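Right, one structure below, let's go through it.
Numbering (full-length UniProt numbering), first residue to last: 1 to 209.
Structure, rendered in structure tokens:
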């Protein structure tokens, strides 16, 4: 019961948490105070280290390049149903070390340039810093890869330019992304396609975000 008594003493002091003088504490009270301090420290650490929310992934690529398939695999599903225009799905992210869950939004733009105007619903100036862009290329037609990447990079640049973000903010975003990419440490390799492997893939994307 000693820890309970110390807890009350700490919580009900007239001027906030009351700490008795070292000479007034019995060994049981000292042990209880140490335990209570440890609990408070752990709770505070967990609160600061919760997985963030509001992260986004934006996927570009030609029709048939595997955009939906890639994201479906990261979801842990075998097959995904391709949509039209602007697809939406989410990835569930689980951190076993912290026993925490969160979701990451995924937007997949149709391979037809006609639909590029829909980007305004996926990415805004406010959400851009929390968005990771993925360009998917069709490696069965390698001679088209560079042209495809240049096309979709131009689509993205055009959309970002419309946001009128100040140049200094854009430079800071670019600097942060490069630093996060350079600082990333690859987790231990797991079996391809295994739940552990998918978690590590998601960890990579989430770290960059």
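Ideal Cβ placement from N, Cα and C applies to all residues, glycine included. This structure is a prediction, so every number in the text was calculated from the model and none was measured.
Could you check where the alpha helix (DSSP H) with residue i kicks off and where it finishes?
{"i": "residue 177", "result": "167–183"}
{"i": "residue 156", "result": "145–162"}
If you count every other CB in all the chains shown that lies within 10 Å of the CB of residue i, and 16 or more means buried, which is it?
{"i": "residue 178", "result": "exposed"}
{"i": "residue 185", "result": "exposed"}
{"i": "residue 181", "result": "exposed"}
{"i": "residue 63", "result": "exposed"}
{"i": "residue 34", "result": "exposed"}
{"i": "residue 164", "result": "exposed"}
{"i": "residue 71", "result": "buried"}
{"i": "residue 191", "result": "Because residue 191 sits at a pLDDT of 47, beneath the cut-off of 50, its placement in the model cannot be relied upon, and the following sentence gives the value as read from the coordinates. Counting Cβ neighbours within 10 Å, residue 191 comes out exposed, since fewer than 16 surround it."}
{"i": "residue 169", "result": "exposed"}
{"i": "residue 61", "result": "buried"}
{"i": "residue 161", "result": "exposed"}
{"i": "residue 81", "result": "exposed"}
{"i": "residue 23", "result": "Reliability of the predicted coordinates at residue 23 is poor, the pLDDT of 49 falling under 50, and no value is obtained from them."}
State the start and end residues of the unbroken beta strand (DSSP E) segment that holds residue i.
{"i": "residue 132", "result": "131–136"}
{"i": "residue 128", "result": "First-last for residue 128: undefined, no H or E at that position."}
{"i": "residue 61", "result": "55–61"}
Can residue i and residue j be called in contact, C-beta distance under 8 Å?
{"i": "residue 144", "j": "residue 108", "result": "no"}
{"i": "residue 104", "j": "residue 91", "result": "yes"}
{"i": "residue 113", "j": "residue 133", "result": "no"}
{"i": "residue 136", "j": "residue 65", "result": "yes"}
{"i": "residue 102", "j": "residue 52", "result": "yes"}
{"i": "residue 86", "j": "residue 131", "result": "no"}
{"i": "residue 159", "j": "residue 123", "result": "yes"}
Check your understanding: Do the region 74–89 and the region 146–155 meet, that is, are 3 or more Cβ pairs less than 8 Å apart?
Key -> no
Review point. Taking only runs of the beta strand (DSSP E) that begin and end inside the region 69–122, which ones reach a length of at least 3 residues, in chain order?
Key: 86–95 and 100–109
Exercise for review: Specify whether the region 136–143 and the region 120–128 touch according to this definition: at least 3 beta carbon pairs, one from each stretch, less than 8 Å apart.
Suggested key: no
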